[in-house]
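For the numbering used here, add 287 to where a residue sits in the sequence shown, where the first one is 1. Virtual Cβ for every residue (Gly too), placed ideally from N, Cα, C. Bear in mind that the values here come from a model prediction, so they are computed numbers and not experimental data. Take a look at the structure below.
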Amino acid sequence: ADMSRSLIQGGESAYAELFEKSDRLVPISNFWKSRLIEMGASPEKTTVLRMGVDIGDFVFAPRKNTPDEPFKLISVCRFVEKKGLAYALDALALAQSKRPDRKILLDLIGDGPLRIDLENRSKKLGLTDQVIFHGSLPHSEVAQALAKADAFILPSVVADDGDMEGIPVALMEAMASGLPTISTYHSGIPELIEHRVSGLLASERDVDDLAAQIVYMIENADHSFDMTSIARQTVETHFNLHNLDDQLANICQETFQTRRSLVATKISHP
Numbered sequence: 288a289d290m291s292r293s294l295i296q297g298g299e300s301a302y303a304e305l306f307e308k309s310d311r312l313v314p315i316s317n318f319w320k321s322r323l324i325e326m327g328a329s330p331e332k333t334t335v336l337r338m339g340v341d342i343g344d345f346v347f348a349p350r351k352n353t354p355d356e357p358f359k360l361i362s363v364c365r366f367v368e369k370k371g372l373a374y375a376l377d378a379l380a381l382a383q384s385k386r387p388d389r390k391i392l393l394d395l396i397g398d399g400p401l402r403i404d405l406e407n408r409s410k411k412l413g414l415t416d417q418v419i420f421h422g423s424l425p426h427s428e429v430a431q432a433l434a435k436a437d438a439f440i441l442p443s444v445v446a447d448d449g450d451m452e453g454i455p456v457a458l459m460e461a462m463a464s465g466l467p468t469i470s471t472y473h474s475g476i477p478e479l480i481e482h483r484v485s486g487l488l489a490s491e492r493d494v495d496d497l498a499a500q501i502v503y504m505i506e507n508a509d510h511s512f513d514m515t516s517i518a519r520q521t522v523e524t525h526f527n528l529h530n531l532d533d534q535l536a537n538i539c540q541e542t543f544q545t546r547r548s549l550v551a552t553k554i555s556h557p
């Protein structure tokens, strides 16, 4: 929110003093690095440090959906506009109309201010027997639900007030566990998911495109299965919390050394 919604309210000049006084700016994606530089940040002081997950917490168990069973989608998030759940519901209804022979289910885990609106939308779309609102669940039950799912869906969008995602950790967790993912070309998400390589991406707020990705995953089980290995490797390589901890330590050390050199120079040349 500090990099999206707040700047709409306060204007991009709001961070001018921060840019002047800071020793290092550490955005979580190349997308936000570019935004900072566009706003006036020094490229030399701006370094990407990604969010990540503890790989050891996730057993890689890729799953392949079978045509004689319902196709189970799942999403775990806070029910707010930027998560795009309204589009997930619309896309589910459209995908179901394209594949009436294969029942498509959606487990929604979480809560938030849009829950009632989403429940009403589900009813209007005739999805009451296909969409289950679980509310917030303990971690152990979330893990069980993820293990039973065929794909994770999170169609993130820019909210009307400008709020945006960084790179959702929920997507990293799904990829680390071997669960195929469907998301959107939004913020830094394409830096995590490469379309039809490590997951599937649709255009923001494009129900037709999102439905097409759901249908593609249903109809291409072998490809979806193959993408999960690349997805796990992506998380292990670029979104591994232990590696990122080391990277943060290095950034702190480099920043300290640079600051110490600057202070030493000022003392010797007052």
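In terms of residues, what are the limits of the alpha helix (DSSP H) holding K435? H426 to K435
Could you name each continuous alpha helix (DSSP H) segment of 4 residues or more that falls completely within the stretch 340-377, going from the start of the chain to the end? none
Apply the 10 Å Cβ neighbour rule to D447 and answer buried if 16 or more other Cβ atoms are within range, or exposed otherwise. exposed
State the Cα-Cα distance for the pair P349 and S516, rounded to the nearest angstrom. 8 angstroms
State whether the stretch 428-446 contacts the stretch 461-471, with contact taken as three or more CB pairs (one from each stretch) at a distance under 8 angstroms. yes
When the Cα of Y503 is compared with those of H529, F358 and R547, which residue comes out closest? F358
Go ahead and pull the three-state DSSP assignment for V335. coil
Helix or strand or just coil, what does DSSP make of A498? helix
Quick one, which of A373, I501 and Q296 has its alpha-carbon nearest I403's? A373
First through last residue of the alpha helix (DSSP H) which encompasses I480: Run containing I480: none; DSSP gives neither H nor E here.
C-beta atoms of Q431 and L392 nearer than 7 angstroms: no
Rounding to the nearest angstrom, what Cα-Cα distance links R519 and I476 in this structure? 15 angstroms
For R492 and K411, I'd like the C-alpha separation in whole angstroms. 19 angstroms
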